[in-house]
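For reference, the structure is listed below as structure tokens.
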Amino acid sequence: MATPATDHAEHERAEASLRPDQLKLLEQIRSNVIGDCMPLDGPFGSKPLIYADYTASGRSLGMIENFIQQRVLPMYANTHTDASATGRQTSHAREEARNMVLSACGGNTHEHAVIFTGSGSTSAIYKFMGLLDVMPLPTGHAGVRAPKARNTLAKLDKAEVVETDLEPEDKRKSRRTKPAAPKNKHPMPPRRRRAVVFISEYEHHSNDLPWREAPVDLVRVRCGTDEHVCLKHLEKLLKKYRKRPLLIGSFSAGSNVTGLLSPVPELARLLHRYGALACFDYAAAAPYVPIALGSKAYGNEGYLDAVYISPHKFIGGPGTPGLLLVRRDVCRNAVPVVPGGGTVRFVSADAHLYTREIEHREEGGTPDIVGAVRCGLVFELKHRVGEDFIVAREHELLERAWKVWSTLPEQLVLLGPQKLPKLTITSFIIKFGKRMLHYNFVVALLNDIFGIQSRGGCSCAGPYGLSLLKPSQEVFDWVLTEMGGGHDGAKMGWTRVNFPYFFTDEQADYVIQAVALVAQHGWRLLPHYTFDLNSGIWTHKSQSDQPVSSLLALFDRPIAESKPSAPASTTIQPDYNQLLAQGREILMATSEPVAASLQEEGHDADSGVHDTASTHSNRKKKTPALVRWYMLPEDCQDASLMKELVAKTEAWSLPTQQVVS
């Protein structure tokens, strides 16, 4: 499973390659993460906050926030004028940020436009669809209504369900009848006039659902034996649809579930060979890999037509807008996607003239000016640290993780291919026989025992998740039934962490070994937690009411005393070896089979499960064996199961390597 780990000397190679100015910048990043190692109070005492959820969103940097506070905000104004000093300075800052992004991504102003838009890649994709005049239909997709899908999903929602035409062609041909399109839907264009969009099997919902609702034919390309997009299958499909008026390849550059990296240049060349647009969702990958927009000018077909980015996922990125990088010559729309202020040169009572500049025409209204400036700064930061270093460092951190996690092949199941090159994004399940620890239980343990912030669920990649987890039809039907009863905790998923390049070896090893400890011993704490079937959240029994801070705290003191300042991150260095030892003690506190302790404490079989919905199949009637995929506190009543788990785990210990100091 794991790539052979390198020795400690080899781990030093990435940082050793940095120039003094780059090394200084890396240290600045590490010391400026707002909230890093701040104390988190929980059921097992105070723990340092170690954020390992950068795939979902980045963290703010004090150095950037201080710069914005001191140099940008004092001269802030709307960008729709250059006549005043503040308007001129703010407009300059925003355009400078735009150029920073373009330069960092290998583009040029003659061929490419940089458009700041809405929230993350989702907004960028919608903006791109508008530029191509293939926006989602106002009343939904008039696609194929599949009886099986309708009957199954009706368990989740009483609303009408329409399945889009995503089946392989041979299956569609084999149908004896095709149900009629639903009435009262916006009509689709004739098939021969529809655009065709190709996506992969591992897309984020943001690069899937919008296309389903658009007036296009959506085709999913199979994965090959290496789990990448199958180039042969894509070429076959491109040949099949080559007479359509518009072909669009829209693929994830890197999976937000497995970290799998797509062969972007190869895909772009193949798409262009058949006249298709080469578009890529860089939401998960952009902070960690080079982006090369390329140019048509040199005859290289590996150029990119559009790139969608979520800058909030960068270190320093929270508070940035979505980002669309697009070739100017693919923009087809005569009217802005969102007409409004700033998009026009002239307006009278009966006439108006839109600006020709794509960036201004497509950024109607007062944009997120400060967010755009912040976006430019985080791209410049990535560029100055060095993309070659970032890639090499991520590979080092992956090898450190594989060295430890490969000792737990039965309990710790890593999803997707575990081979380089890939991102450090890692999703895993913790398995015991035919059942697993619930992903949110794992998240709770990592948080409560170690202060590590991770994420549980399906990572907004449902189709890919089902292909990875491969539930039986019986389990799948049970999940849908449970969710139909309001029990979202039954939804299948995994736990996800990642190790960004600026993690120290100590931080990375702490996360790696904490995951290993929970994989081996986390089941022991099941009786001490309560599971909310409706939300899927697990809470320690001593923490039934978990307070959160309120924004109204701003007004707890006179506003005059509230001086602007960016929160400083703690400079206290945690003793990671001691924290791991404490974590192990917490997990091993129950040295005898848990069933015995439960009986002594007088717990009943249903303890630890809360259900506020009207019905629950697992409570009202006995669930068939092994259909419920996750373990519950009541499973600790099974003495034979507990003895088996204890026997397995007592023979195992962490690798002798301690956290590097």
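Numbering (UniProt numbering), first residue to last: 1 to 661. Here a beta-carbon is modelled for each residue, glycine too, at the ideal position from N, C-alpha and C.
Asked	Found
Contacts around residue 40, its chain only, beta-carbon distance under 6 Å, and the 5 residues preceding and following it disregarded	47, 49, 451
As assigned by DSSP and simplified to three states, the class of residue 249	strand
Of the listed residues 89, 74, 90, 497, nearest to residue 425 (C-alpha basis)	497
Buried/exposed call for residue 162, threshold 16 Cβ in 10 Å	Model confidence at residue 162 stands at a pLDDT of 41, short of 50, so the residue's coordinates are unreliable; what they give is reported in the following sentence. Classification of residue 162: buried, given that the 10 Å Cβ count is 16 or more.
Residue 199 and residue 216 closer than 8 Å at C-beta	no
DSSP three-state assignment for residue 403, whether helix, strand or coil	helix
CB of residue 421 within 8 Å of CB of residue 552, strictly	no
Completely contained beta strand (DSSP E) runs for the region 347-417, where each covers 3 or more residues	352-354, 412-414
Contact test: residue 585 Cβ vs the ligand PLP heavy atom, cutoff 7 Å	Of the ligands one can find in the structure shown there are none, so the ligand PLP has no counterpart to examine.
Residue 308 vs residue 281 beta-carbon contact at 8 Å	yes
Residue 324: first and last residue of the uninterrupted beta strand (DSSP E) it sits in	322-327
Segment limits, beta strand (DSSP E) that includes residue 538	538-540
Nonlocal neighbours in the same chain, by C-beta distance under 7 Å from residue 502, ignoring five residues either side	26, 29, 30, 315
Identified DSSP bridge partners for residue 453	51
Per DSSP, cross-strand counterpart(s) of residue 432	435
Anticipated Cβ contact below 8 Å, residue 118 with residue 322, distance rounded	5 Å
C-alpha gap between residue 662 and residue 478, whole angstroms	Residue 662 lies beyond the range of the chain shown here (1 to 661); nothing can be said about it.
Residue of 227, 295, 305 minimising C-alpha distance to residue 250	305
Spatial distance of residue 69 from residue 507 (CA atoms)	30 Å
Residue from 213, 254, 270, 212 with nearest C-alpha to residue 239	270
Cβ-Cβ distance between residue 376 and residue 96 below 8 Å	yes
Residue 481 to residue 51 span [Cα, whole Å]	35 Å
Burial state of residue 123, where buried means 16 or more other Cβ atoms lie within 10 Å	buried
Contact belief for residue 428 with residue 445 at Cβ below 8 Å, rounded distance in angstroms	Contact flag wrong, Cβ pair sits at about 13 Å.
Alpha-carbon spacing of residue 491 relative to residue 573, whole angstroms	38 Å
Sub-8 Å separation of residue 356 and residue 14 beta-carbons	no
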